[in-house]
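Using my numbering, read the sequence shown as starting at 665 and increasing by one per residue. The structure under discussion appears below in the form of structure tokens.
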Amino acid sequence: MQHNAPDALVRRFTSKCSLMIRFADSDGPMQRALVLDYLTHSGYIRSAQAFLRDSAVRHIDVDGDEIMDSDTDPGGSGLPEETVRQAELRNQIRYELLRGRVTEAIELLTKHFPTVLPPPENTAAPSADSDSDQTTESPPRPMPAYVAPTSVDPLHLLLNLRVQAFIESCRTVPLDYPPNPESNSLQSRSEEDPDISIDQQTALLKSAQKLSALAKTLSDKDQPRYSVELKNVIGLIAYRKPETSPLKNYMTQERREALADQINSAILFRSELPVISKAELHTRTTVATWQFLHEIKVKPKAGAAIPPLSKSPKTNASKGTDSLEPQICPPFDFQAFLNN
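As structure tokens, then:
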């Protein structure tokens, strides 16, 4: 499944990238590369193809024909086939998780990204033999520019997926994705069928037992962190309508989104790709740099490009006029930057 980025979003993002590059580089190709990286990283393949096609510098051979790269996709978009394939798979996995179809997402991960989750036949710690093989065959991974914000440990990811699958099994109010405005969100399964069948209760209890067993395969350091989470999640079966219970936060769409983001980061990490886009990395670096300069009270040089100031500049009392020139480097206000 492909995502299309709205044209207005692309235009706004391009404009902001252009402003950001003024602080470092006025090179047009860099701006184009930032936008293209953001679109492909976010899974907006069709928008990336259109952007690349419309902004490309075309090379013509002596016969007047356009020269095409051999590693691009057959559709002529200019994107490498592997980039398109992987982005589409990531989009599909994310879509399944956002719909609450955890089992389908696990099947896709196992088939297309087998290193993200533990091997199906062994979810516990790897054996000594497998450790030895991995040590001798796998080269050391290069240090990433930015580490994933959440765990990429295969066992952690599998447990998080199983926990979400258990939550989906406890759901009594349908949570459609994309949201269906015509559906009655107040109508629950418990209103139609007040009593959960014995088979359903048995299945939930067995799932709870499997979750507990899987959690015991975690390291001693990780088990306490997951014990509270599992206690709360398993407690969902005690409520006739968990969506209105004290544990209702586990039933939200935001939780699905957080899991989808974590799995997406893990896929990128295991594929040895950046876990965040170059635009986000540059933004974080810019914010941190200007904040550091502000804290150590560095004065900007005359005429230097500085981030947008707040709407209410401080008044220079000694001169009695508004001073638009900062005395020290201002912190990078990202919201002011977006609104400028």
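We treat Cβ as the ideally placed atom computed from N, Cα and C, and that holds for glycine. Remember, predicted model here, so these are calculated numbers, not experimental data.
Output the boundary residues of the alpha helix (DSSP H) element that contains residue i.
i       : result
Lys963  : From DSSP, Lys963 is part of no alpha helix (DSSP H); its letter is neither H nor E.
Lys874  : Ile862 to Ala879
Leu767  : In the sequence as displayed, the identity of residue 767 is Thr instead of Leu. Residues Val766 to His776.
Phe936  : A quick correction: the sequence has Glu, not Phe, at residue 936. Here Glu936 belongs to no alpha helix (DSSP H), and DSSP marks it neither H nor E.
Thr779  : Per DSSP, Thr779 belongs to no alpha helix (DSSP H) and is neither H nor E.
Ile757  : Glu745 to Leu762
Leu822  : Pro818 to Cys834
Phe1001 : Phe998 to Asn1003
Pro716  : The residue asked about is misnamed: residue 716 is Leu in this sequence, not Pro. Counting along the chain, the alpha helix (DSSP H) containing Leu716 begins and ends at Ile709 to Ser719.
Glu893  : Gln887 to Ile898
Go ahead and label residue i buried or exposed: buried means 16 or more other beta carbons lie within 10 angstroms of its beta carbon, across all protein chains shown.
i       : result
Thr704  : buried
Ile629  : Outside the modelled stretch of the chain, which goes from 665 to 1004, sits residue 629, for which no answer is possible.
Ile862  : exposed
Gly967  : exposed
Glu907  : buried
Leu1002 : exposed
Ala712  : buried
Thr949  : exposed
Thr836  : buried
Pro818  : buried
Gln887  : exposed
Pro910  : exposed
Ile960  : exposed
Phe956  : exposed
Leu698  : buried
Gln917  : exposed
Leu937  : exposed
Leu869  : exposed
Ser876  : exposed
Val780  : buried
Val892  : exposed
Asn980  : Because Asn980 carries a pLDDT of 45, less than 50, the predicted location of this residue cannot be relied on, and the following value inherits that uncertainty. Exposed is the call here.
Could you tell me how far apart the beta carbons of residue i and residue j are, in whole angstroms, since I believe they sit closer than 8 Å?
i      : j      : result
Ala769 : Leu761 : 5 Å
Ala879 : Tyr890 : 5 Å
Val766 : Ala829 : 4 Å
Leu821 : Ile927 : 7 Å
Ser929 : Val816 : 7 Å
Leu743 : Ile757 : Not a contact, Cβ separation roughly 19 Å.
Ser871 : Ser833 : 6 Å
Arg754 : Ile931 : 6 Å
Leu923 : Asn824 : 6 Å
Ile609 : Tyr914 : Limits of the chain in this structure are 665 at one end and 1004 at the other, which puts residue 609 out of reach.
Arg920 : Gly764 : 6 Å
If I measure Cβ to Cβ from residue i and keep anything under 8 Å in the same chain, skipping five residues before and after, which residues do I get?
i      : result
Phe998 : Thr947 and Val951
Lys963 : Gln991, Ile992 and Cys993
Phe933 : Pro808, Ala812, Val816 and Val939
Lys912 : Pro906
Ile898 : Phe830, Ala872, Leu875 and Ser876
Phe894 : Reading the sequence as shown, one finds Leu at residue 894 and not Phe. The answer, listed in chain order, is Val827, Leu875, Ser876 and Ala879.
Asn896 : Leu911 and Tyr914
Considering only residues of the same chain and omitting the five flanking positions on each side of residue i, which have a CB-CB separation below 6 Å?
i       : result
Ala943  : Leu698 and Tyr702
His776  : Leu753
Ser1005 : This structure cannot settle anything about residue 1005, because the visible part of the chain is limited to 665 through 1004.
Ser982  : Only weak support exists for where Ser982 lies, its pLDDT of 44 falling under 50; the value from the coordinates is given anyway. Taken in chain order, the list of residues that qualify is empty.
Grab me the residues of residue i's own chain with a C-beta within less than 7 Å of its C-beta, minus the 5 sequence neighbours each way, in chain order.
i       : result
Pro782  : Pro818, Leu819 and Leu822
Ser719  : Arg696
Phe996  : Thr950, Val951, Trp954, Gln955 and Pro971
His958  : Ile992, Cys993, Pro994 and Pro995
Phe715  : Val674, Val699, Leu700 and Leu703
Asn1004 : Pro972
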